[in-house]
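Counting in the numbering used here, the sequence shown runs from 46 upward without gaps.
Ideal placement from N, C-alpha and C gives every residue a C-beta, glycine not left out.
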Amino acid sequence: MTSSAKRRKLVDFTEERPKSETPRPVTLTALGLHDVLPRKLVYRDSPPRFPSRPAELPIDPPENILADGLQNVNSHPRDEHLTFTASDHAYFWRGKRVARSATQLVHEFTNEFSENQVISSMQRSTNWPRPGYLKSALSERQKAGLAQLKGTGQLLRAFQQEEQDELQICRLAHRLRATAPEDDAVAELVAGLGLSESEIREKWAQAREDGVKEGTWMHAQFEHLLNGGSLPSRTEEVALLAQFLRSQPGMTAYRTEWRIYAEEEDVAGSIDYVAERPDGSKVIVDWKRTKRTRLNNEAFGKFMRRPLCSVPDCTLWHYRLQLNAYRFILEKYYGQIVSSMYIVGTNPDNGDHPYVDEVPRMQTANLEHRASPPLTS
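Quick look at the structure:
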């Protein structure tokens, strides 16, 4: 079963109800997670409700999101001095603009991503074309070119199927090129079965836009729910969130979107979720709607820039560094003890279970040193 079919099946199971039945609001209590919320945030009557999903997701989160419940219960004296403007993603400490965010700090150690280089490398690879990057249909010129070659009937038929098996098409294309490795015309024909450079750029741009919208909506839902609110339906992302929360017994919600600041380093950031264990120690959680393939530990031999040249330069390690920066700030400036850090992936395409990475505790001396001289721009 394809991931999209799996997704439809799970949605059907979790959200569809007889038309005569009034859908029950989804709360942490309804999910069997009433112990996650502090007692002061458990609404006895009707908790504030998150809006239904619109046909077109907005770029910004809904305005009526319930976001300050935990802040009111677990406020910190430093909270009032740190503000944030979403338009330019800037933090201000006592009215003065902060030099950089924790995200920006981590990216100072990463190698620059070059779309040109990556696309060129993809298209020159012997594994090109690859699934997800095939043209949706062949031009008449391509059909004629393939028809002139021996053994291409199966490839032509595979392209004409209403539901294409992209993996099969790619294997057939690779096999065709392998039969004539020195034939430039065959190589050009096979390469042309994949998307062009401009089509790849457009695909990536659309994926980024869609990913931002989906991620923003998901984060807003989680924040609303963890502050005592209710949702109109139990989405797949919420089901995965609930699985993670159940795996952490005794953990109570402490703060969401907690904005924190480090004076000496002049660095600020916002933590998705902070929970409290029975011993008073804190747990940092970063929600990700990133696909599992981007959360693997493979950096393909690339390492981050000095002095972090022993750290793999890949998305997972970027996230790990960011959470360690948050841990450093909480422990140095907010008097907290951080016992655990987690990256939790809740993209439904990843399967029926959340992706959970328990983040290792890392030395932050190099990050602190790099942050000490603030940016002058």
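Checklist entry - Hey, quick one: how far does the alpha helix (DSSP H) through T224 stretch, first residue to last? => result Note, T224: alpha helix (DSSP H), E211 to T224.
Checklist entry - Rounded to a whole number of angstroms, what is the C-alpha to C-alpha distance between C359 and R145? => result Just so you know, the alpha carbons of C359 and R145 end up roughly 21 Å apart.
Checklist entry - To the nearest whole angstrom, what separates the beta carbons of S275 and R123, a pair I think is in contact under 8 Å? => result Contact doesn't hold; Cβ gap of about 31 Å is too wide.
Next on the checklist: Can you confirm whether the region 93-109 touches the region 290-298 when touching is taken to mean that 3 or more C-beta pairs between the two stretches lie within less than 8 Å?
Outcome noted: Verdict: no, contact absent.
Item to check | Beta-carbon proximity of Y318 to L361, cut-off 8 Å | outcome: Contact: no.
Checklist entry - Are there 16 or more other CB atoms within 10 angstroms of the CB of Q408, so buried, or fewer, so exposed? => result So Q408 counts as exposed.
Next on the checklist: Quick check for students: name the residue ranges of the alpha helix (DSSP H) that lie wholly in the region 83-118, counting only runs of 4 or more.
Outcome noted: Positions of the alpha helix (DSSP H) runs, each at least 4 residues long and wholly inside the region 83-118, are given as 114-118 in order along the chain.
Next on the checklist: Can you find the residues in the same chain that come closer than 7 Å, C-beta to C-beta, to P176, ignoring five residues on each side of it along the sequence?
Outcome noted: E211, L212 and C215.
Checklist entry - Are the CB atoms of H217 and L191 nearer to each other than 8 Å? => result Looking at the sequence provided, one finds Leu at residue 217 rather than His. No. Outside cutoff.
Checklist entry - Which two residues bound the contiguous beta strand (DSSP E) that contains Y387? => result Element bounds for Y387: V383 to G390.
Checklist entry - Short check: CB of V389 to CB of W332, under 8 Å? => result Here V389 is near W332, since their CB atoms are less than 8 Å apart.
Item to check | Distance between beta carbons of Y136 and Y306, contact taken as under 8 Å | outcome: That belief holds up - the Cβ atoms of Y306 and Y136 are roughly 7 Å apart, short of 8 Å.
Checklist entry - With 16 as the cutoff for other CB atoms within 10 Å, does I382 come out buried or exposed? => result Exposed: under 16 other Cβ atoms inside 10 Å.
Checklist entry - What do you get for R351, buried or exposed, if any count of 16 or more other CB atoms within 10 angstroms of its CB means buried? => result The residue in question, R351, is exposed, as its Cβ has fewer than 16 Cβ neighbours within 10 Å.
Checklist entry - Roughly how many angstroms lie between the CA atoms of W173 and H363, to the nearest whole one? => result When rounded, the distance between both Cα atoms is 28 Å.
Checklist entry - What's the C-alpha gap between T261 and F373? => result Computed Cα separation, rounded: 26 Å.
Item to check | Reduced DSSP secondary structure (H/G/I, E/B, other) of E242 | outcome: In the structure shown, E242 sits in a helix (DSSP, three-state: H, G or I).
Checklist entry - alpha helix (DSSP H) containing T360: first to last residue? => result Unbroken alpha helix (DSSP H) run through T360: T360 to Y378.
Item to check | Contacting residues, own chain, Cβ-Cβ under 6 Å from T74 (five flanking each side not counted) | outcome: Beyond the five residues adjoining it in sequence on each side, T74 comes within less than 6 Å, by CB distance, of no other residue in the same chain.
Item to check | Of the listed residues V151, A182 and R322, nearest to L240 (C-alpha basis) | outcome: Ranking V151, A182 and R322 by Cα distance to L240 puts A182 first.
Next on the checklist: Below 8 Å, how does it come out for the region 229-244 and the region 149-168: are there three or more Cβ pairs, yes or no?
Outcome noted: Taking one beta carbon from each stretch, the region 229-244 and the region 149-168 have 3 or more pairs nearer than 8 Å; the two touch.
Item to check | Bounding residues of the beta strand (DSSP E) (the contiguous stretch that carries S315) | outcome: Start and end: V312 to E321.
Checklist entry - Mind pulling the alpha helix (DSSP H) runs of 4 or more residues that sit fully within the region 162-212? => result For the region 162-212, the full-length alpha helix (DSSP H) segments reaching 4 residues or more read 185-192 and 198-205 along the chain.
Next on the checklist: What would DSSP say about T297, mapped onto helix, strand or coil?
Outcome noted: Of the three classes helix, strand and coil, the one that applies to T297 here is strand, per DSSP.
Checklist entry - Got a sec: does the ligand PLP put a non-hydrogen atom nearer than 7 Å to the Cβ of A370? => result Because no ligand of any kind appears in the structure shown, any question about the ligand PLP cannot be addressed here.
Item to check | Where the beta strand (DSSP E) containing V231 begins and where it ends | outcome: Careful: V231 lies outside any beta strand (DSSP E), inside the alpha helix (DSSP H) at D229 to A236.
Checklist entry - Roughly how many whole angstroms lie between the Cα atoms of F348 and V356? => result Between F348 and V356, the alpha-carbon positions lie close to 6 Å from each other.
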